[in-house]
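Engineer: Below you'll find the structure I mean.
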Amino acid sequence: MLNLLWVLLASYAVGMLLPLCPWQPKTQGLAASVCAIVATCSGIALGLFGLTAPEPFTTSIASTIPLLTFAIRLDALASFFVLTISLVGLAASIYAIGYVRHFHGRVSVAALGSFFNGFLLSMILVVLADNGFFFLIVWELMSLTSYFLVVTEHEKADVRYAGFFYLIMTHVGTAFIILTFLLFFQQSGSFSFEAFRHPEHPLPEGLRTFAFLAALVGFGTKAGIVPLHVWLPYAHPAAPSHISALMSGVMIKMAIYGLLRVLFDFLGGEFPWWWGFTVLVIGAVSAWLGVMYALMEHDLKSLLAYHSVENIGIILLGIGAGMIFQSYGLQELAALGLVAGLYHTINHAMFKALLFLGAGSLLYATHTRNMEEYGGLLRRMPWTGLFFLIGAVSIAALPPTNGFVSEWLIFQSLFLSFQVPSLIVKLMLPLAAAMLALTAVLALACFAKAFGISFLALPRSSHARHAEEVPWSMRLGMGFLAAICVFLGLAPMVVVPLLDRVTASMTGTSIAEKMLALDGWALAPVNVEFSSLSSPVLAFVLVGAAALGLVLVALFGGFRAKRYSKTWGCGLTLSPRMEYTATGFVQPIKRVFSTIYQPTVKLETELLEESRYFAKRRRFEFHIEPLFEKYLYKPVVAAVYRLADRLRIVQAGSLHLYLAYMFVTLVVLLLFAL
Amino acid sequence: MSWLTPHIGTQLVDLGSALLLLTCFAIVAQRRLSACVDLFALQSLFLAMTAALVAFLTGTPHIYFAAALTVLVKVLVIPRVLKRVIERLNVTRELVMNINVPASLLICGVLVMVAFFITQPIMPFGHLLTRDSLAIALAIVLIGFFTMIARQKAVTQLIAFLVMENGLFLGATAATYGMPLIVELGVFFDVLVAALIAGIYTNRLQDAFDSVDTTRLSELKE
């Protein structure tokens, strides 16, 4: 295992250096991808070994800096995340071979490839780190490399703004994480995670709560929970698409990892019920608001970024439910909630990365991210269309895909709340389930829009009319993820036992055998009597039904008579202007939820002078109120500016004044020293 | 030399330190830049003599070396560099001061008292014949620092910085009979480089603002 680890580290290191050689951009990009492919393949092997190994694998290198050791620990939880990172990383590296071509001559492919490898490496090290100091260093490294990747196209002002926003938010988050670690350090006197687990003096109750809240805010900023999500819709679309796939698919999951590590490892899984309840409420709100704002986005990548907020919310619903069960001592249900959360974690990583790669392909082919300029792409880009459809179906949680399985498990764990003794929890968990149901439906609507507007009907612009299918490497990257999505959906009996090894180490209970009914062909939430699901059978029924339909059509002569005419043409010549626009598609939803969107609609009509019955020109303007930015962030930013203006007096720019500061400090300290 | 008892030795070292302090006050009171440079050279000479005295009394040969270096660098090289800068810039006087001369002298007096006050508790622990010089060394450092704040011309600030360095050297000699030779060498090299860099910086300042008044630097602020 150590050898695998060395291969992984070495190939990432080579991948960071090799692209910097003064070669052709094409060679540089290829070098970066090849190194990343080798590294991610060894990462996949490492993750699988770690998941099946009986004991955690540890190794460590001492350093001369006090409190810092480069300690590495590959336990089940870390292995799961190593596997997730490496799978997405592999797809992104293959995809990058073709994708970076459209950057040639515009931005530095060398820097892009080098940071890409550095980013993957830092994420791997985040989950492997077994020392708080080391963790913080690689966490910061992850934030910085991703920042540099976000600002790849730094000649654009909005990209620079997105990067700056991201940098500030991520540092605020890191500050809170440092706070959490310092609290643990204070009690244990060491930064080693082993000491965090078994401190000399256990943390007092108040400080435990404080550590939890700081961790929730710190990791929550990275995860993008509401209301700390505002950077996501800026930063994720600004990055190159294979980076967006990594950021949205994997990087925000590092926060889930951190949260689980703190809650179930350092704090030993002992906490009052309201901790889990807080996580649950945040999850429900994030899921719902995430999808609500996603619906209103017509920039495909922003839409996907908002869906990341939604899916982080769904993951937190599962984890929150697990935490509540854990605090009531219902270990099996706790394990179920966590299995569901982790299942959705890997699922979301796969389909979100797939969708971002798909969006990247559309961008590659049409040079725009605006959905209103797509249309009719399914005919021009059939492979991309197929893969995007698989991703869309998965994220919309339609059976029998992976998204359906994990959301079903989360539903089940929420429904099983009737076993909890507390009345308020009994009442609240079904409410969370209702929120999840609403979210799922809205997500379906959103992807009906995203797929329908982008791929169906007639091209809305010349960009879309001249689109061509993307190179094979990009298709291969997407196809790989699509295959994993299908596999994860059809084979929960393979996935659940692996996830069970992760949760067993956290809750102390193994539930894999109880969850697999009928020799593993069906999945049951702990007890079969309540409910069960067999996704292979479901898939068989669905595919069978579709096939049956086709057979019936063929039997009754549906294919014989052929008529060629425009669909719904009614004798008119169809033009793209007659199509549903993305804005029009979501109009009903906008009406229903107008309290939340607070939409501004402006319609200006310029009439002909001769007759007031004919309009010369019409201007339609529509935008929704960014609630959180307006009411939460703007006041904070304004306050910071005011404070900075006051502090400006201190920064007079005078050399003498600065010297005087030092002098006075020196004398005062000397006098104090007496 | 039978007359040179430890008691007289201590007195002589104290005398040397006192002369250093006196030149410090003279630098604070002096408006003419070239005179300031001369006073600095004089102070460095006193420092070298005091150091040589300590070397003789304690029989530590490496302090001789440091004293020789002091003469070379601080009495000969740096004053010459500074004189050349002054000539080129054509500034002879410190015209406007942040704090005028009488007030500066009063403040310096207070600083000397502060230095003695601070070192009072640690004096009795010392058993070296140079122990009284520690307070004076600290006073010189503080006065040097203060001069940097009180004066506006970059040349004066550079001299003040060098005075501070002299104070530190005296302090090191007083407290521990000098630092290890290698450290001493490093410090001399640093001071020389600092003086050269500050000289260049002063020239630049002249080019950019037509003045070596460092208060003009605040114009660089947004």
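Chains as they are written, first to last, in this note's numbering: chain D, 2 to 675; chain G, 4 to 225. Backbone N, C-alpha and C fix where the C-beta goes; we use that ideal spot for every residue, glycine too. In this text, all values refer to a predicted model and were calculated from it rather than measured experimentally.
(1) Hey, quick one: how far does the beta strand (DSSP E) through Ser-61 (chain D) stretch, first residue to last?
(2) Using only the alpha-carbon positions, how far apart do Ser-12 (chain D) and Val-139 (chain D) sit?
(3) How should Tyr-614 (chain D) be labelled, buried or exposed, when 16 other C-beta atoms within 10 angstroms of its C-beta is the threshold for buried?
(4) How would you write the range of the alpha helix (DSSP H) that Lys-515 (chain D) sits in, first residue to last?
(5) Note the first and the last residue of the continuous alpha helix (DSSP H) segment covering Ile-454 (chain D).
(6) What are the complete alpha helix (DSSP H) segments, minimum 4 residues, inside the region 60-124 of chain G?
(7) Got a sec: is the Cβ-Cβ distance from Ile-143 (chain G) to anything in chain D below 8 Å?
(8) Name, in chain order, the residues that DSSP records as bridge partners for Val-602 (chain D).
(9) With a floor of 4 residues, list each alpha helix (DSSP H) that falls wholly inside the region 382-424 of chain D, ordered by position along the chain.
(10) Can you list, in chain order, the residues of its chain whose CB lies under 8 Å from that of Ala-483 (chain D), leaving out five sequence neighbours each side?
(11) Assuming Pro-383 (chain D) and Arg-461 (chain D) are in contact, meaning their beta carbons sit under 8 Å apart, how far apart are those beta carbons, in whole angstroms?
(12) Would Leu-648 (chain D) count as contacting chain G if we go by Cβ distances under 8 Å?
(13) Please confirm whether Leu-343 (chain D) and Phe-58 (chain D) have their CB atoms less than 8 Å apart.
(14) Quick one, which of D:Met-252, D:Pro-537, D:Ile-625, D:Glu-607 has its alpha-carbon nearest Lys-617 (chain D)'s?
(15) Run through chain G and tell me which residues come within less than 8 Å of Ala-661 (chain D), C-beta to C-beta.
(16) Applying the criterion that 16 or more other CB atoms from any shown protein chain within 10 Å of the CB defines a buried residue, is Thr-504 (chain D) buried or exposed?
(17) Are the C-beta of Val-668 (chain D) and some C-beta of chain G separated by less than 8 Å?
(18) Where does the unbroken beta strand (DSSP E) through Ala-1 (chain D) begin, and where does it stop?
(19) Between the C-alpha atoms of Thr-28 (chain D) and Pro-20 (chain D), what's the straight-line distance to the nearest angstrom?
(20) Just how far apart, CA to CA, sit Ala-239 (chain D) and Ala-295 (chain D)?
(21) Which residues bound the alpha helix (DSSP H) around Leu-575 (chain D)?
(22) Is it the case that the region 184-201 of chain G contacts the region 110-126 of chain G, given that we only count it when at least three CB pairs across the two stretches are under 8 Å?
(23) For Ala-653 (chain D), which of helix, strand or coil comes out of DSSP?
(24) Which of the three DSSP states, helix, strand or coil, is assigned to Ser-711 (chain D)?
(25) Would you say Ile-200 (chain G) reaches chain D, if we count a Cβ-Cβ gap shorter than 8 Å as a contact?
(26) Counting Cβ pairs, one atom from each stretch, are 3 or more of them under 8 Å apart for the region 99-113 of chain G and the region 69-82 of chain G?
(27) Nearest CA to the CA of Leu-229 (chain D): which residue from D:Arg-381, D:Ile-313, D:Arg-161?
(28) Once DSSP output is grouped into helix, strand and coil, what is the label at Arg-618 (chain D)?
(29) For Ala-130 (chain D), list the residues DSSP reports as bridge partners.
(30) Report the rounded CA-to-CA distance for Arg-370 (chain D) versus Ser-245 (chain D), giving the unit in angstroms.
(31) By Cβ distance, which residues of its chain are closer than 6 Å to Ala-444 (chain D), with the 5 residues on each side in sequence left out?
(32) Let me make sure I understand the geometry here. Which of D:Lys-254, D:Ser-144, D:Ile-178, D:Leu-281 has the alpha-carbon closest to that of Ser-87 (chain D)?
(33) Assess, as a yes-or-no matter, whether the region 495-504 of chain D is touched by the region 330-343 of chain D under the definition of 3 or more beta carbon pairs within less than 8 Å.
(34) Over what stretch of residues does the alpha helix (DSSP H) that includes Asn-312 (chain D) continue unbroken?
(35) Should Leu-75 (chain D) and Gly-114 (chain D) be called a contact, given that it needs their Cβ atoms to be closer than 8 Å?
(36) Straight-line CA distance for Phe-664 (chain D) to Ala-157 (chain G)?
Structural biologist: The relevant details are as follows:
(1) 58-63 is the span of the beta strand (DSSP E), which, as asked, contains Ser-61 (chain D).
(2) 17 Å
(3) Note on Tyr-614 (chain D): under 16 other CB atoms within 10 angstroms of its CB, so exposed under the neighbour-count rule.
(4) 513-516
(5) Element bounds for Ile-454 (chain D): 424-456.
(6) 64-73, 81-92, 104-122
(7) No, no contact with chain D.
(8) D:Phe-623
(9) DSSP runs (the alpha helix (DSSP H)) wholly in the region 382-424 of chain D: 383-396, 403-416.
(10) Annotation for Ala-483 (chain D): Leu-355, Leu-387, Phe-388, Ile-391, Gly-392 place their beta carbon closer than 8 Å to its own, counting only its chain and skipping 5 residues before and after.
(11) Not a contact, Cβ separation roughly 19 Å.
(12) no
(13) no
(14) For Lys-617 (chain D), the closest alpha carbon among the candidates D:Met-252, D:Pro-537, D:Ile-625, D:Glu-607 is that of D:Glu-607.
(15) Per Cβ cutoff of 8 Å: Ile-152.
(16) buried
(17) yes
(18) One cannot answer for residue 1 (chain D) here, as it falls past the ends of chain D, which runs 2 to 675.
(19) 8 Å
(20) Roughly 16 Å separates the two Cα atoms.
(21) Segment: none, Leu-575 (chain D) is in no alpha helix (DSSP H) and carries neither H nor E.
(22) no
(23) coil
(24) Only positions 2 to 675 of chain D appear in this structure, which leaves residue 711 (chain D) out of reach.
(25) no
(26) no
(27) D:Ile-313
(28) strand
(29) DSSP, once it has assigned bridges, lists D:Ile-73 as partnering Ala-130 (chain D).
(30) Roughly 13 Å separates the two Cα atoms.
(31) Val-292, Ala-397
(32) D:Lys-254
(33) Touching, yes, given that three or more Cβ pairs across the two stretches are closer than 8 Å.
(34) From DSSP, the alpha helix (DSSP H) with Asn-312 (chain D) extends over 301-328.
(35) When the beta-carbon positions are compared, Leu-75 (chain D) and Gly-114 (chain D) stay at least 8 Å from each other.
(36) 18 Å
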